[in-house]
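Here the protein sequences line up with chains D and R, keeping their order.
So for the first sequence, my numbering puts the first residue at 1; every next one is plus one.
So for the second sequence, my numbering puts the first residue at 1001; every next one is plus one.
For each residue, glycine too, the CB sits at the ideal point set by N, CA and C.
Below you'll find the structure, written out as structure tokens, and then a few comments.
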Amino acid sequence: MRILIKGGWVIDPGRVNGLADVLIEDGKIAAVGERLTPGRGPAPPTVIDASGKLVLPGFVDLHVHLREPGFEYKETIATGTAAALAGGFTSVCCMPNTHPVNDNQAITEFILEQARVAGNARVFPVGAITKGSEGKELAEIGELRDAGCVAISDDGQPVMNSLVMRRAMEYALAFDLPVVDHCEDLHLSEGGCMNEGIVSTQLGLPGIPAAAEDVMVARNLALAQLTGARLHLAHVSTEGSVRLVREAKARGVRVTAEACPHHFTLTEEAVRGFDTHAKMNPPLRTWQDVQAVKEGLRDGAIDAIATDHAPHAAQEKQQEFAAAPNGIVGLETALPLTLALVEESILTLESAVAKLTTEPARAFRLPKGSLAPGVDADVVLVDPKAQWGVDPSRFRSKGRNTPFAGWTVKGRVLTTLVGGRVVYELPTAER
Amino acid sequence: MSLKRKDLVSIASLDPDEIMLILETADSFKEVSGREIKKVPALRGKTVVNFFFEPSTRTRTSFELAAKRLSADVINFSTSSSSVVKGETLLDTARNIEAMQADIIVLRHPAAGAAETLARGVKSSVINAGDGWHEHPTQALLDLFTLREKKLTFKGLRVAIVGDLAHSRVARSNIYALTKMGAEVRAVGPPTMIPAFLDRLGARVYYNMDEALRGVDVILMLRLQLERQGPALFPTIREYSRLYGLTSERLKLADSGALVMHPGPINRGVEIAPEVADGFASVILDQVTNGVAVRMAVLYLLSGAS
């Protein structure tokens, strides 16, 4: 089975950025180059005309919540990975805060099996740091790694005990696994449901100060320096965090960081009107924080763009603001929001693509996010000029919880291939 | 005349003309409350539902009296008797009440934004009777009414609001209301009880009560919510009372005609000395009386009965 993607603008960050054809053979990238002519084969290749389109490595999302097992009413591995494909993501790393928590081999195997059955995007589970993500005893990290976990995290339940975190980092060194932390001092953030600032004061909502994140980022960086572990900072949202991680990188600390589209697109102002679709953790911050996150993406302090895709059922988000759960879906809107940074001249097109492909792959050492000959042919075709209206009712995700409903955005995924197989095509009705 | 809006969820969303309309309407309803037969037929045939998710005696009673004096039918729901505990959302419950043709829903809720959320979801008028730390608009309106009665104007009036402003819906609504009407607001409390960027709401922040009280025309004391304090907002009630309690000595720092207000219920001897609460400067019971008239005005203006 051969596929020739012809006439597109190929960006494989650091390798290719120009008009080229991509030849796929037996599910792998066979060649990337100008005017490729497929050699002899049993049959002529299927040709995909990509003229006027971008041809990119499939995107890699370091941070999604697929909700299975335990919260299938919010999302399943099948629906979450279908949403991934529609957003151009061919590899997703799913957080362990399922029920039960992914703190053992059996859950990891279950997740991988469900992903295999679904046959959509590739799934790379992230295992728990501690048993039940309770922050007390280390999970069987070695077994988690053997079962297929690519990182460890107690996402959403940050490890408050610094000694436990130190031990986790030290222990993870044996497997060279990245330790991922959602940086939040739970004492400082207690009861909070939005950023602490002028808007929280006006709305009378309990605030979460930026310091709740900064304090934990600083702690984790100090522990990473102490242990030599690979630290990955999830969803960096504050000016202070960006400054701390930039400074730590300059000192040679082994740290990578991700930022989410909502944290570089929206501010705390979106909470006005008590819109629960503007409720997430970390919360939407101030304009200065947004500028700092953008600057961090530009200068490399922040390596990757991740979605923190967090589907919830409609009735959960229809509660009072303080009672509604945190999080928004992100897989199907990440591309245009990232491309907006190119329009704003924050990122070049190639660096924007890198933040979705090579950079996240490098952070977790995944053999993905590239179009190098010989790798799995995970490819996405994008129309960078297509304008479209965000309509949550058309999402593949079960979650409809997005603050971007009704937005007109630019840049759309047309076709997604995983392992050389077309697994997603934008329906004609939506073109 | 009527308010050109379905709901009253916040003072922040009102303009000064609307505030004046409510106060002027309340003037005539105050007269009704002074009559032998304290009843007018303005809301006859209308149904008002008091929907209270927090314990409240005076606000609920005040709304109930206001509705009854307007001849409306009144139903009271409180947390213990509502179905919210059974997994229904606030909106579900409200839609059920609406399906019984409630014209006006009066909502008291511990979550900020509850009234706004409800107002968007139902066709009935919604009156916010207090939502979390956000707003308590009718309290601010009755405070304005009381001030106007005693001081005739708001322009240039110096008002100190003392206490836990961070966790107070009364403080927020009053800051919005007073600054909109041209008064000067001084916010007084320990830094742990002053929310972020409060000065941007138009209030001047003081940590020292004596300094703040100098020359003020009105002192609005907030209730110290003893049941609501998180850790370490202040060391002891004794110290709080010493630093931020209103005593007759402190009262002398204010203008000689200064008024003392309190939304109640008061903690005697904590934020306010008994002799001040019961003293010549206190208008605390006037506030309660005026509360009924102001709520009648709000019910009337939102009902479109005029």
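*Could you have a look at D/Thr108 and say whether DSSP puts it in helix, strand or coil?*
One-based indexing of the first sequence puts residue 108 of chain D at position 108. In this structure, D/Thr108 counts as helix in the three-state DSSP scheme.
*Might you give, ordered along the chain, the residues of its own chain that have their beta carbon closer than 6 Å to the beta carbon of D/Thr81, omitting 5 neighbours on each side?*
Along the first sequence, read from residue 1 onward, the residue named residue 81 of chain D stands at position 81. Correct list, in chain order: Ala118, Asn120, Ala121.
*Euclidean distance between Cα positions of R/Glu1036 and R/Thr1061*: To locate residue 1036 of chain R, count along the second sequence from 1; it is residue 36. To locate residue 1061 of chain R, count along the second sequence from 1; it is residue 61. R/Glu1036 and R/Thr1061: Cα-Cα distance of roughly 20 Å.
*With DSSP as the reference, label D/Phe89 as helix, strand or coil.*
To locate residue 89 of chain D, count along the first sequence from 1; it is residue 89. Strand.
*For D/Thr415, name the three-state secondary structure that DSSP assigns.*
As a working note, residue 415 of chain D is residue 415 in the first sequence. DSSP places D/Thr415 in strand when its eight states are reduced to three.
_Suppose you measure from the CA of R/Ser1083 to the CA of R/Ser1303; what does that come to, to the nearest Å?_
Translated into the one-based positions of the second sequence, residue 1083 of chain R becomes position 83. Translated into the one-based positions of the second sequence, residue 1303 of chain R becomes position 303. Below a pLDDT of 50, predicted positions are generally treated as unreliable, and R/Ser1083, at 48, falls in that range; the measurement from the model is reported next regardless. C-alpha separation (whole angstroms): 27 Å.
*Are the beta-carbon atoms of D/Pro158 and D/Cys193 separated by less than 8 Å?*
Residue numbering aside, residue 158 of chain D sits at position 158 when the first sequence is read from its first letter. Residue numbering aside, residue 193 of chain D sits at position 193 when the first sequence is read from its first letter. Going by C-beta atoms, D/Pro158 is not nearer than 8 Å to D/Cys193.
_CB contact flag (D/Gln105, D/Leu144, <8 Å)_ = Taking the first sequence and counting its residues from 1, one reaches residue 105 of chain D at position 105. Taking the first sequence and counting its residues from 1, one reaches residue 144 of chain D at position 144. Going by C-beta atoms, D/Gln105 is nearer than 8 Å to D/Leu144.
_One question on the structure: do D/Pro283 and D/Glu295 come within less than 8 Å of each other, judged by their Cβ atoms?_
If you number the first sequence from 1, residue 283 of chain D lands on position 283. If you number the first sequence from 1, residue 295 of chain D lands on position 295. Taking 8 Å as the Cβ cut-off, D/Pro283 and D/Glu295 do not qualify as a contacting pair.
*By Cβ distance below 7 Å, which residues in the same chain neighbour R/Phe1234 in space, the five residues on each side in sequence not counted?*
On the second sequence, position 234 is the one that residue 1234 of chain R refers to. Contacts found: Pro1190, Thr1192, Tyr1240.
*Give the single residue among D/Lys385, D/Leu337, D/Asp275 whose Cα lies nearest to the Cα of D/Ser51.*
By 1-based counting over the first sequence, the position of residue 51 of chain D is 51. Comparing Cα-Cα distances from D/Ser51 to each of D/Lys385, D/Leu337, D/Asp275, the minimum goes to D/Lys385.
*On the premise that D/Val245 lies in contact with D/Ala301, defined as a C-beta separation below 8 Å, what is that separation, rounded to the nearest angstrom?*
Mapped onto the first sequence, residue 301 of chain D falls at position 301. Mapped onto the first sequence, residue 245 of chain D falls at position 245. D/Ala301 to D/Val245, Cβ: 5 Å. Contact.
*State yes or no: is the beta carbon of D/Gly27 nearer than 8 Å to at least one beta carbon in chain R?*
Counting from 1 along the first sequence, the entry for residue 27 of chain D is found at position 27. Output row for D/Gly27: interface = no.
_Minimum C-alpha distance to R/Met1247 - residue among R/Gly1264, R/Pro1263, R/Thr1236, R/Ala1281_ = Here residue 1247 of chain R corresponds to residue number 247 of the second sequence, with the count starting at 1. Correcting the residue type first, residue 1247 of chain R is Thr in the shown sequence and not Met. That would be R/Ala1281, whose Cα lies nearest to the Cα of R/Thr1247.
_Coil, strand or helix - D/Trp287 by DSSP_ = For this step, residue 287 of chain D is matched to residue 287 along the first sequence. In this structure, D/Trp287 counts as helix in the three-state DSSP scheme.
*Along the chain, where does the beta strand (DSSP E) that runs through D/Val123 open and close?*
For this step, residue 123 of chain D is matched to residue 123 along the first sequence. Residues 122–127.
*Please report the residue range of the alpha helix (DSSP H) in which R/Gln1139 lies.*
By one-based count along the second sequence, residue 1139 of chain R stands at place 139. From DSSP, the alpha helix (DSSP H) with R/Gln1139 extends over 1137–1151.
*Where does R/Gln1225 sit, in a helix, a strand or coil, going by DSSP?*
Walking along the second sequence from the start, residue 1225 of chain R turns up at place 225. R/Gln1225: coil per DSSP, three-state reduction.
_8 Å is my cut-off, CB to CB: does D/Ala270 come that close to chain R?_
Taking the first sequence and counting its residues from 1, one reaches residue 270 of chain D at position 270. For D/Ala270, the answer is no, since every Cβ of chain R falls outside 8 Å of its Cβ.
*Straight-line CA distance for R/Ser1081 to R/Ile1104?*
The residue labelled residue 1081 of chain R in the question sits at position 81 within the second sequence. The residue labelled residue 1104 of chain R in the question sits at position 104 within the second sequence. Here R/Ser1081 scores only 47 on pLDDT, less than 50, and its place in the model should not be relied on; the value that follows carries that caveat. The alpha-carbon atoms of R/Ser1081 and R/Ile1104 are separated by roughly 19 Å.
_Burial state of D/Asp26, where buried means 16 or more other Cβ atoms lie within 10 Å_ = Your numbering for residue 26 of chain D matches position 26 in the first sequence. Exposed: under 16 other Cβ atoms inside 10 Å.
_Rounded C-alpha distance that separates D/Leu381 from D/Cys149_ = Position 381 of the first sequence holds residue 381 of chain D. Position 149 of the first sequence holds residue 149 of chain D. So the two alpha carbons sit approximately 29 Å from each other.
*CA-to-CA distance, D/Leu231 to D/Thr108, given in whole angstroms*: Translated into positions along the first sequence, residue 108 of chain D becomes position 108. Translated into positions along the first sequence, residue 231 of chain D becomes position 231. About 21 Å.
*Should R/Glu1135 be flagged as near chain D, meaning a C-beta pair shorter than 8 Å?*
The residue you call residue 1135 of chain R lines up with position 135 of the second sequence. Judged by the 8 Å Cβ criterion, R/Glu1135 is in contact with chain D.
*Compare the C-beta of R/Pro1055 with all C-beta atoms of chain D and state if any pair is closer than 8 Å.*
Residue 1055 of chain R sits at position 55 when you count from the first residue of the second sequence. Output row for R/Pro1055: interface = no.
_Start and end residues, alpha helix (DSSP H) containing R/Phe1261_ = Residue mapping note: residue 1261 of chain R aligns to position 261 of the second sequence, counting from 1. What sits at residue 1261 of chain R in the sequence shown is Met, not Phe. Element bounds for R/Met1261: not the alpha helix (DSSP H) but the beta strand (DSSP E), 1259–1261.
_Short CB-CB distance (under 8 Å) between R/Leu1152 and chain D_ = Numbered from its first residue, the second sequence carries residue 1152 of chain R at position 152. Answer no: the Cβ-Cβ gap between R/Leu1152 and chain D never drops below 8 Å.
*With D/Pro384 as the anchor, note down where its beta strand (DSSP E) starts and where it stops.*
Numbered from its first residue, the first sequence carries residue 384 of chain D at position 384. From DSSP, the beta strand (DSSP E) with D/Pro384 extends over 379–389.
*Taking D/Ser200 as the query, report the chain R residues whose CB atoms sit under 8 Å from its CB, ordered along the chain.*
The residue given as residue 200 of chain D occupies position 200 in the first sequence. The contacting residues are Pro1195, Ala1196.
_Assuming R/Leu1144 and R/Met1181 are in contact, meaning their beta carbons sit under 8 Å apart, how far apart are those beta carbons, in whole angstroms?_
In the second sequence, the residue the question calls residue 1144 of chain R occupies position 144. In the second sequence, the residue the question calls residue 1181 of chain R occupies position 181. The pair is a contact, with the Cβ atoms about 7 Å apart (cut-off 8 Å).
*So with Cβ pairs under 8 Å, would you call D/Phe321 a contact of chain R?*
By 1-based counting over the first sequence, the position of residue 321 of chain D is 321. Answer yes: the Cβ-Cβ gap between D/Phe321 and chain R drops below 8 Å somewhere.
_Distance cutoff 8 Å, beta carbons only. Does R/Ala1111 sit that close to anything in chain D?_
Counting from one through the second sequence, the residue named residue 1111 of chain R turns up at place 111. Judged by the 8 Å Cβ criterion, R/Ala1111 is in contact with chain D.
_Of the listed residues D/Ile346, D/Pro311, D/Gln315, D/Val342, nearest to D/Glu332 (C-alpha basis)_ = Translated into positions along the first sequence, residue 332 of chain D becomes position 332. Minimum Cα distance to D/Glu332 is reached at D/Pro311.
_Those runs of the alpha helix (DSSP H) which lie wholly inside the segment 182–236 of chain D and span at least 4 residues_ = 198–203, 210–227
_Under 8 Å, Cβ to Cβ, is there at least one residue of chain D near R/Glu1116?_
Here residue 1116 of chain R refers to the residue found at position 116 of the second sequence. Yes - at least one Cβ of chain D is within 8 Å of the one on R/Glu1116.
*In the structure shown, what three-state DSSP assignment does R/Ser1081 receive?*
Within the second sequence, residue 1081 of chain R is the residue found at index 81, counting from 1. Low confidence applies here, because R/Ser1081 scores a pLDDT of 47, under 50, leaving its location unreliable and the question unanswered by this model.
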